[in-house]
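Number of protein chains: 2
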Amino acid sequence: MLAVTFDILSERARSARSSAVRDLLRLTEQPHVLSMAGGLPASEMLPVSAIRAASAEVLDRLGPAALQYGPTEGVAALRHIVAARLGGSATPEGTVITTGSQQALDLLARVLLDPGDVVVTETPTYLGALSALHWQRPRIEGVEGDHDGMRTDLLADRLAEGLRPKMLYVVTEFANPTGATLSLERRQHLAALAEQYNFVVVEDDPYGALRFRGVRHPPIRTWSDRVVTLGTASKILSPGLRVGWLTAPHWLARPIVIAKQAADLHTATLNQHLVLSLLSDEPWMKTHVAAIVAFYGSRAECLQRSLTVHLGDAVEFNAPDGGMFVWGHMTDPSIRTEALLNAAVEQGVAFVPGSAFRHDALDNSTLRLCFTTLNAEQLNEAASRLAKAATQTPIR
Amino acid sequence: MLAVTFDILSERARSARSSAVRDLLRLTEQPHVLSMAGGLPASEMLPVSAIRAASAEVLDRLGPAALQYGPTEGVAALRHIVAARLGGSATPEGTVITTGSQQALDLLARVLLDPGDVVVTETPTYLGALSALHWQRPRIEGVEGDHDGMRTDLLADRLAEGLRPKMLYVVTEFANPTGATLSLERRQHLAALAEQYNFVVVEDDPYGALRFRGVRHPPIRTWSDRVVTLGTASKILSPGLRVGWLTAPHWLARPIVIAKQAADLHTATLNQHLVLSLLSDEPWMKTHVAAIVAFYGSRAECLQRSLTVHLGDAVEFNAPDGGMFVWGHMTDPSIRTEALLNAAVEQGVAFVPGSAFRHDALDNSTLRLCFTTLNAEQLNEAASRLAKAATQTPIR
Numbered sequence: 068m069l070a071v072t073f074d075i076l077s078e079r080a081r082s083a084r085s086s087a088v089r090d091l092l093r094l095t096e097q098p099h100v101l102s103m104a105g106g107l108p109a110s111e112m113l114p115v116s117a118i119r120a121a122s123a124e125v126l127d128r129l130g131p132a133a134l135q136y137g138p139t140e141g142v143a144a145l146r147h148i149v150a151a152r153l154g155g156s157a158t159p160e161g162t163v164i165t166t167g168s169q170q171a172l173d174l175l176a177r178v179l180l181d182p183g184d185v186v187v188t189e190t191p192t193y194l195g196a197l198s199a200l201h202w203q204r205p206r207i208e209g210v211e212g213d214h215d216g217m218r219t220d221l222l223a224d225r226l227a228e229g230l231r232p233k234m235l236y237v238v239t240e241f242a243n244p245t246g247a248t249l250s251l252e253r254r255q256h257l258a259a260l261a262e263q264y265n266f267v268v269v270e271d272d273p274y275g276a277l278r279f280r281g282v283r284h285p286p287i288r289t290w291s292d293r294v295v296t297l298g299t300a301s302k303i304l305s306p307g308l309r310v311g312w313l314t315a316p317h318w319l320a321r322p323i324v325i326a327k328q329a330a331d332l333h334t335a336t337l338n339q340h341l342v343l344s345l346l347s348d349e350p351w352m353k354t355h356v357a358a359i360v361a362f363y364g365s366r367a368e369c370l371q372r373s374l375t376v377h378l379g380d381a382v383e384f385n386a387p388d389g390g391m392f393v394w395g396h397m398t399d400p401s402i403r404t405e406a407l408l409n410a411a412v413e414q415g416v417a418f419v420p421g422s423a424f425r426h427d428a429l430d431n432s433t434l435r436l437c438f439t440t441l442n443a444e445q446l447n448e449a450a451s452r453l454a455k456a457a458t459q460t461p462i463r
Numbered sequence: 068m069l070a071v072t073f074d075i076l077s078e079r080a081r082s083a084r085s086s087a088v089r090d091l092l093r094l095t096e097q098p099h100v101l102s103m104a105g106g107l108p109a110s111e112m113l114p115v116s117a118i119r120a121a122s123a124e125v126l127d128r129l130g131p132a133a134l135q136y137g138p139t140e141g142v143a144a145l146r147h148i149v150a151a152r153l154g155g156s157a158t159p160e161g162t163v164i165t166t167g168s169q170q171a172l173d174l175l176a177r178v179l180l181d182p183g184d185v186v187v188t189e190t191p192t193y194l195g196a197l198s199a200l201h202w203q204r205p206r207i208e209g210v211e212g213d214h215d216g217m218r219t220d221l222l223a224d225r226l227a228e229g230l231r232p233k234m235l236y237v238v239t240e241f242a243n244p245t246g247a248t249l250s251l252e253r254r255q256h257l258a259a260l261a262e263q264y265n266f267v268v269v270e271d272d273p274y275g276a277l278r279f280r281g282v283r284h285p286p287i288r289t290w291s292d293r294v295v296t297l298g299t300a301s302k303i304l305s306p307g308l309r310v311g312w313l314t315a316p317h318w319l320a321r322p323i324v325i326a327k328q329a330a331d332l333h334t335a336t337l338n339q340h341l342v343l344s345l346l347s348d349e350p351w352m353k354t355h356v357a358a359i360v361a362f363y364g365s366r367a368e369c370l371q372r373s374l375t376v377h378l379g380d381a382v383e384f385n386a387p388d389g390g391m392f393v394w395g396h397m398t399d400p401s402i403r404t405e406a407l408l409n410a411a412v413e414q415g416v417a418f419v420p421g422s423a424f425r426h427d428a429l430d431n432s433t434l435r436l437c438f439t440t441l442n443a444e445q446l447n448e449a450a451s452r453l454a455k456a457a458t459q460t461p462i463r
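Pasting the structure below:
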């Protein structure tokens, strides 16, 4: 019976796997584990009372309209405010509200990719992007990144050699997992390559507002019309509302709306109005985002200090300018971070091994540490436990 | 430039069209048009104050947990209550919360269908199902229905002749668009055919709670394990919350969850808790649903009476036992209902022509009339305007 039923699945469904991270997260949910594995916003920073008040206000003001079906492209006023916040070439007409930016990735993959088409991602990259892309069965080509983001020189070489992507995916600010920010020169280079080789750049920016220091570079779409920008309310307001957005050139926005109509009709009306209500209150947003930035900045420093104290030279890591992640590299080549995770969970600490963020899974030595959900004391204890795990054998 | 950019779209995106109904709805949104075209719940029946109270209660009780990321398969307590309400073989483990039941259709199409695979739908059928299916580029085979739903005798003939579907889609209670309810014998017959020919039956039931008269038959899954049941909060609570669900055999629930993870990570956490809160209050639900049923039952009668008064023999229609739609048939074979719609909009009334509900668009004489959103006086005026439109020439 099982064999028969399995045969009925589509080819994609038969080859699809649950993400390693999701499965790992299950293991690390035990209460004694100090988890730096998740990519969750800190619960303390979720604006419960503001959303409670906005919900009452929206339902009082709009009544049944807040609970009724809505247009597939999203609530007009929210599309306007999103386009205005993005600035530059962004228009309300090219803006589509999505069910989180995960859905934006899925819709873009659907409208751009046929099986076998080439997509370029940075290596390593956001796991959810890889999952969404995989459903269209493209050929995913990775281009290595460093502390300044994707190595566009390597990309240019590959393109010159004949690589012909339809789409390129990149997280520009404080990337997941590496925390790297794409340099100004590389943004300009990417835009020029997109124009020259006729591919669409998907510029994902979930973390841009969470900047601890330094100045933001202009987005890639400053220099090319072949760019789709993704944004989300998940990291600044609430991931549980599932409200994200994309801004695309008009010729691309139209098929995206048609795809979204088939996918879920539209994003929840009430949730769009909640996000609209909070984004519209600029003084409140400013204070709220400043509070998150101060909170995360302090935790990032804590984690870095604790890693230095407890692991010393055993780990190298970046000092991200914002976002939610520290990206580490175990200097002892005999330590494999997938094996280290098993030892770590035994010690009561968790992270995500770098292999999870590569389409080829070829990475043994790196690890992603999320610093948002543990306090100073917990981060110190987590680093201490990680150090213990790293001295255990065998961890290869 | 446009030609170049169009070429970059996937084959599916190039062939996808916005639904005719959605485009028509835009035309009929002028304030002077009495629209029976939409399939919207009556605004008066959307429980604004109950959802306002539930939102405050949920946020007070759960705090940040109501706004945080959640499991892809949905909030455990909601999956339990959905399975319990469905009864029979339904289990919480096989239940997945979806972003409306539109998403359930999209996920089922993804995990079951490769291009060219055969899907059977009733003719006519729900337009949103056709859109979701089309994205997987299957071969859609229609089987005609009558006042007792899909003609399973015709299906049995086609299967005996060699048709080999992977999936069959049917709305069992007060179908959209015909208002027909699948008879007991045909349910049993469908279940037997699914077992014999090894296909999955998708039994969609958005309207089942809206029964004006008569007794509900057992669902198809009573007689087969090869059935997925879809449900939704859209028609009994709020479509704008985008909360639906499916209950599937376990071997099928697993790939659906993997597909959903890539599609939108999970359905909005707050919205799931709102629906859970209202569904859990059984006395309130009973009163609330009884009020909707009385309200819609009265409007259905009004529309039928008004059609008889104003159109007489010019239209034949069913008297549905529940749901939101009256299905009409223009008796004058020279009247084409697509052309009639143009004349109708000029008269200030709107409906959906039957061709919109067929994958082959081969229907000239039928029309779907939604009776939920107009009051008695408006329904009478709408029928009067429709009669005027029907006497205009040319309407072919």
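Just so you know, the protein sequences line up as chains U and X, in that order. Using the working numbering, you'd call the opening residue of the first sequence number 68 and step up by one each time. Using the working numbering, you'd call the opening residue of the second sequence number 68 and step up by one each time. From the three backbone atoms N, C-alpha and C, an ideal C-beta is built for every residue, glycine too.
Using a C-beta cutoff of 8 angstroms, does Gln97 (chain U) count as contacting chain X? Taking the first sequence and counting its residues from 1, one reaches residue 97 (chain U) at position 30. No, because no Cβ of chain X sits closer than 8 angstroms to the Cβ of Gln97 (chain U).
Should Gly395 (chain U) be flagged as near chain X, meaning a C-beta pair shorter than 8 angstroms? Mapped onto the first sequence, residue 395 (chain U) falls at position 328. No, its Cβ sits nowhere closer than 8 angstroms to a Cβ of chain X.
Around the C-beta of Glu111 (chain U), are 16 or more other C-beta atoms found within 10 angstroms, so that it is buried, or is it exposed? Along the first sequence, read from residue 1 onward, the residue named residue 111 (chain U) stands at position 44. Its Cβ having fewer than 16 others within 10 Å, Glu111 (chain U) is exposed.
What does a CB cutoff of less than 6 angstroms around Tyr264 (chain U) pick up in its chain, not counting 5 residues either side in sequence? Within the first sequence, the letter at position 197 stands for residue 264 (chain U). Closer than 6 angstroms at Cβ, skipping near neighbours: Leu226.
Look up Ser373 (chain X) in the DSSP assignment and say whether it is helix, strand or coil. Position 306 of the second sequence, counted from the first residue, corresponds to residue 373 (chain X). Residue state, collapsed to three classes: helix.
For Asp18 (chain X), which option in X:Phe266, X:Val393, X:Glu96, X:Ile287 has the closest C-alpha, if you only look at C-alpha atoms? No answer is possible for residue 18 (chain X): the residues shown for chain X start at 68 and end at 463.
Is the beta carbon of Glu405 (chain X) less than 8 angstroms from the beta carbon of His396 (chain X)? Locating residue 405 (chain X) in the second sequence gives position 338, counting from the first residue. Locating residue 396 (chain X) in the second sequence gives position 329, counting from the first residue. For Glu405 (chain X) and His396 (chain X), no; Cβs fall outside 8 angstroms.
Near-chain U residues of the region 435-456 of chain X (beta-carbon distance less than 9 angstroms), N- to C-terminal order: none
Given that Ala133 (chain U) touches chain X, what residues does it touch there, using C-beta distances under 8 angstroms? As a first step, residue 133 (chain U) must be located in the first sequence, where it is residue number 66. What Ala133 (chain U) touches in chain X: Val115, Gly307.
Assign His214 (chain U) to buried or exposed, taking buried as 16 or more other Cβ atoms, counted over all protein chains shown, within 10 Å of its Cβ. Numbered from 1 along the first sequence, position 147 holds the residue referred to as residue 214 (chain U). Counting Cβ neighbours within 10 Å, His214 (chain U) comes out exposed, since fewer than 16 surround it.
Starting from Ile303 (chain X), find everything on chain U with Cβ-Cβ shorter than 9 angstroms and list it in chain order. Locating residue 303 (chain X) in the second sequence gives position 236, counting from the first residue. Simply none; closest approach about 12 angstroms.
Could you tell me which chain X residues have their CB closer than 8 angstroms to the CB of Glu262 (chain U), listed as they occur along the chain? What you label residue 262 (chain U) is simply residue 195 of the first sequence in a count that begins at 1. In chain order: nothing, as chain X lies at least about 11 angstroms away.
Taking 8 angstroms as the cut-off, does the region 143-160 of chain U touch the region 306-324 of chain U (at least 3 CB pairs, one atom from each stretch)? yes
Counting only runs that start and end within the region 223-289 of chain X, where is the alpha helix (DSSP H) found for 4 or more residues in a row? 251-264
Please report whether the beta-carbon of Tyr136 (chain U) lies at a distance below 8 angstroms from any beta-carbon of chain X. For the purposes of this step, residue 136 (chain U) is taken as the residue at position 69 of the first sequence. Yes, because at least one Cβ of chain X sits closer than 8 angstroms to the Cβ of Tyr136 (chain U).
Between Gln170 (chain U) and chain X, is there a C-beta pair that is closer than 8 angstroms? Taking the first residue of the first sequence as position 1, residue 170 (chain U) is located at position 103. Yes, because at least one Cβ of chain X sits closer than 8 angstroms to the Cβ of Gln170 (chain U).
Within chain U, partners of Val509 (chain X) - CB distance below 7 angstroms: The requested residue 509 (chain X) does not occur in the structure, where chain X is confined to residues 68 to 463.
Any chain A beta carbon closer than 8 angstroms to Pro322 (chain X): This model lacks chain A altogether, as its protein chains are U and X.
Could you tell me whether the Cβ of Arg119 (chain X) comes closer than 8 angstroms to any Cβ of chain U? By one-based count along the second sequence, residue 119 (chain X) stands at place 52. Chain U contact via Cβ: present.
My output table needs one value for Arg435 (chain X): the three-state DSSP class, helix, strand or coil. Position 368 of the second sequence holds residue 435 (chain X). Note: Arg435 (chain X) maps to strand in three-state DSSP.
Can you find the residues in the same chain that come closer than 6 angstroms, C-beta to C-beta, to Leu337 (chain U), ignoring five residues on each side of it along the sequence? Residue 337 (chain U) sits at position 270 when you count from the first residue of the first sequence. So the qualifying residues of the chain are Ala133.
Backbone secondary structure at Glu448 (chain U) - three-state DSSP: The residue you call residue 448 (chain U) lines up with position 381 of the first sequence. Glu448 (chain U): helix per DSSP, three-state reduction.
Sorted by chain position, which residues of the same chain lie with C-beta nearer than 7 angstroms to Gly246 (chain U)'s C-beta, five sequence neighbours on each side aside? Position 179 of the first sequence holds residue 246 (chain U). Hits under 7 angstroms: Asn385, Pro387, Gly390, Phe392, Val393, Trp394.
Looking at the secondary structure, which residues open and close the alpha helix (DSSP H) in which Gly167 (chain U) lies? Within the first sequence, numbered from 1, the residue matching residue 167 (chain U) stands at position 100. Per DSSP, Gly167 (chain U) belongs to the alpha helix (DSSP H) from 167-179.
Supposed contact pair Phe438 (chain U) and Leu341 (chain U) - C-beta distance, whole angstroms, cut 8 angstroms: Position 274 of the first sequence, counted from the start, is the residue given in the question as residue 341 (chain U). Position 371 of the first sequence, counted from the start, is the residue given in the question as residue 438 (chain U). Actually they do not touch by this definition, with Cβ atoms about 27 angstroms apart.
Just reading off the alpha helix (DSSP H) that Trp202 (chain U) is part of, what are its end residues? Translated into the one-based positions of the first sequence, residue 202 (chain U) becomes position 135. Unbroken run through Trp202 (chain U): none, as it is neither H nor E.
In the DSSP assignment, what are the bridge partners of Thr190 (chain X)? For this step, residue 190 (chain X) is matched to residue 123 along the second sequence. According to DSSP, Thr190 (chain X) bridges with X:Glu211.
Taking 8 angstroms as the threshold (beta carbon to beta carbon), is Thr467 (chain X) in contact with chain U? Here chain X covers residues 68 to 463 and nothing more, so residue 467 (chain X) does not appear.
How about Leu145 (chain X) and Gln135 (chain U): do their beta carbons lie closer than 8 angstroms? The sequence position of residue 145 (chain X) within the second sequence is 78, counting from 1. The sequence position of residue 135 (chain U) within the first sequence is 68, counting from 1. Cβ distance not < 8 angstroms, so Leu145 (chain X) and Gln135 (chain U) don't count as in contact.
Using beta carbons (cut-off 8 angstroms, strictly below), is Glu78 (chain X) in contact with chain U? Here residue 78 (chain X) corresponds to residue number 11 of the second sequence, with the count starting at 1. With 8 angstroms as the cut-off, Glu78 (chain X) counts as an interface residue toward chain U.
Could you tell me which uninterrupted beta strand (DSSP E) segments, each at least 3 residues in length, are contained entirely in the region 373-399 of chain U, listed from first to last along the chain? 382-384, 392-397
Check Leu407 (chain U) in the structure and name its three-state DSSP category. Residue numbering aside, residue 407 (chain U) sits at position 340 when the first sequence is read from its first letter. Looking at Leu407 (chain U) - three-state DSSP - the assignment turns out to be helix.
Is Asp430 (chain U) buried or exposed, if buried means 16 or more other CB atoms sit within 10 Å of its CB? Here residue 430 (chain U) refers to the residue found at position 363 when the first sequence is read from its first residue. Buried, since its Cβ has 16 or more Cβ neighbours within 10 Å.
Can you tell me whether Leu304 (chain U) is helix, strand or coil according to DSSP? The sequence position of residue 304 (chain U) within the first sequence is 237, counting from 1. DSSP places Leu304 (chain U) in coil when its eight states are reduced to three.
Give the single residue among U:Arg280, U:Ile323, U:Ala411, U:Pro191 whose Cα lies nearest to the Cα of Asn207 (chain U). As a working mapping, residue 207 (chain U) is identified with position 140 in the first sequence. Checking the sequence, you will find Ile at residue 207 (chain U) rather than Asn. The option with the nearest alpha carbon to Ile207 (chain U) is U:Pro191.
Cα separation between Ala199 (chain U) and Phe279 (chain X)? In the first sequence, residue 199 (chain U) corresponds to position 132, counting from 1. In the second sequence, residue 279 (chain X) corresponds to position 212, counting from 1. C-alpha separation (whole angstroms): 43 angstroms.
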